[in-house]
Amino acid sequence: MAIPEPTAQGLAPFGEWHTWYRVTGDLAAPKAPLVVLHGGPGAAHDYTLRIARLAERGRAVVHYDQIGVGLSTHLPEKGADFWTVGLFLDELDNLLAHLGITGRHHVLGQSWGGMLAAEHAVRAPSGLRGLVIANSPASMRLWREECDRLRSELPPDVERTLREHEAAGTTDSDEYRAAEKVFNARHVCTIVPNPPEVLASDAKTAADPTVYHTMNGPSEFHVVGTLKDWSVVDRLDRIAAPTLLVSGRHDEATPRTVQPFADRIPDVRWELFEHSSHMPHIEEEERYLQIVGDFLDFTD
4 MAIPEPTAQG
14 LAPFGEWHTW
24 YRVTGDLAAP
34 KAPLVVLHGG
44 PGAAHDYTLR
54 IARLAERGRA
64 VVHYDQIGVG
74 LSTHLPEKGA
84 DFWTVGLFLD
94 ELDNLLAHLG
104 ITGRHHVLGQ
114 SWGGMLAAEH
124 AVRAPSGLRG
134 LVIANSPASM
144 RLWREECDRL
154 RSELPPDVER
164 TLREHEAAGT
174 TDSDEYRAAE
184 KVFNARHVCT
194 IVPNPPEVLA
204 SDAKTAADPT
214 VYHTMNGPSE
224 FHVVGTLKDW
234 SVVDRLDRIA
244 APTLLVSGRH
254 DEATPRTVQP
264 FADRIPDVRW
274 ELFEHSSHMP
284 HIEEEERYLQ
294 IVGDFLDFTD
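Everything in the sequence shown is counted per our numbering, starting at 4 for the first residue and increasing by one.
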């Protein structure tokens, strides 16, 4: 199915900068709007655009580019002390206020976006009606351990190539990127070649990798950035909103990385997509939209 055209687009002032957003549907509709938080950090919104089809069920869907990527303000001169979880929480709060939906909204976060969504939810904002944490770890220690396990299952020559270039600091080499694609085809998006919207997000990260390299690192599975020790595990019992967990059977966000969400969030359910890796919104699009749409309708 085609990605629906936006009904509105704009720039929300955020301090000295701007956050680009698009709305699909009517923010004033009876159903509370859904705000989609993309991954990365620094991956841009494009690869999540199929989720805009939830507007077909009478619910506005908001996509935006987090600061530092895509159509929002780029700040390549900023260092690690600037790119913090708190910055992106402030940006989300600012966007909710700009759109007038602070008092009534749902949040769906994918990958890093789910980590950010969990951070939003642990503050128990009164306007949060429902939470979807999609393909996200509750702890980056668990993520790193599981990525190491998944890497050990790669062909030996691929894993050797990755290790050699990581040790040499040459992760921008063509050889490393080729080996990286082997992992990604197994655990990030099993549809190869990747759909155009996934390639669009990848291109935007490559054009300005400031946020991704600072907070994550050079690849999905070599996490050496400022998020490497992040965890929300000990705060998950503060989440008051009904929560849906989403992950894929072949996901780099393995069941072990998701389990703390299931164990500690009071009102939670978990849907595992058997034929997906990290992007079930693309790999099993129709079922994903049905599951998520039904959950959102149940909550508000």
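We put the CB at the ideal spot given by N, CA and C, even for glycine.
Where Pro158 falls, given that 16 or more other Cβ within 10 Å makes a residue buried: exposed
Which partner residues of Ser142 appear in the DSSP bridge assignment? Ser142 is bridged by DSSP to Ser234.
Range of the contiguous beta strand (DSSP E) that encloses Arg25: 20 to 27
Reference Asp237, options Val125, Gly133, Pro33, Gln113, closest by Cα: Considering only alpha carbons, the answer is Val125.
Determine whether the beta carbon atoms of Gly266 and Met143 lie at a separation below 8 Å. The question names Gly, yet the displayed sequence has Asp at residue 266. Against a cut-off of 8 Å, the Cβ pair of Met143 and Asp266 comes out as no contact.
Would Ile104 be called buried (16 or more neighbouring beta carbons within 10 Å of its own) or exposed? The residue is buried, with at least 16 neighbouring Cβ atoms inside 10 Å.
Residues that Val249 bridges to, as DSSP identifies them: DSSP output for Val249 lists Ala137, Glu274 as bridge partner(s).
Run through the DSSP bridge pairs and tell me what Tyr67 is partnered with. Tyr24
For Gly13, which of helix, strand or coil comes out of DSSP? In the structure shown, Gly13 sits in a strand (DSSP, three-state: E or B).
Within its chain, find whatever has a CB closer than 7 Å to the CB of His77; leave out the 5 residues flanking it on each side and keep chain order. Gly71, Asp211
Could you tell me the boundaries of the beta strand (DSSP E) in which Leu37 lies? Unbroken beta strand (DSSP E) run through Leu37: 37 to 40.
Boundaries of the beta strand (DSSP E) in which Gly112 is found, first to last residue: 108 to 113
So if DSSP puts Leu131 in a beta bridge, which residue, or which two residues, is it bridged to? His108
When burial is assigned at 16 or more other CB atoms within 10 Å of the CB, is Glu286 buried or exposed? buried
Would Ser1 be called buried (16 or more neighbouring beta carbons within 10 Å of its own) or exposed? Since the first residue shown for the chain is 4 and the last is 303, residue 1 is missing from the structure and cannot be characterised.
Using 8 Å as the threshold, is the C-beta distance between Thr22 and Ala63 below it? no
With distances taken from CA atoms, which of Asp49, Ala58, Val39, Phe17 is nearest Asn197? Asp49
Report, in whole angstroms, the separation of the C-beta atoms of Glu149 and Arg259, which I expect to be a contact under 8 Å. 6 Å
Return the CA-CA distance between Asp29 and Ala181, expressed in angstroms with no decimal places. When only Cα atoms are considered, Asp29 and Ala181 end up about 43 Å apart.
Helix, strand or coil: how does DSSP classify His77 here? Residue state, collapsed to three classes: coil.
Using only CA atoms, which one of Trp20, Asp303, Val261 lies nearest to Leu145? Val261
Taking Pro199 as part of the alpha helix (DSSP H), name the residues at either end of that continuous run. In the DSSP assignment, Pro199 falls within the alpha helix (DSSP H) that extends over 199 to 210.
Look up His123 in the DSSP assignment and say whether it is helix, strand or coil. helix
Between which two residues does the alpha helix (DSSP H) harbouring Val191 extend? Where Val191 is concerned, there is no enclosing alpha helix (DSSP H), given that its DSSP letter is neither H nor E.
Return the residue from the list Phe85, His123, Pro79 that minimises the CA-CA distance to Val39. His123
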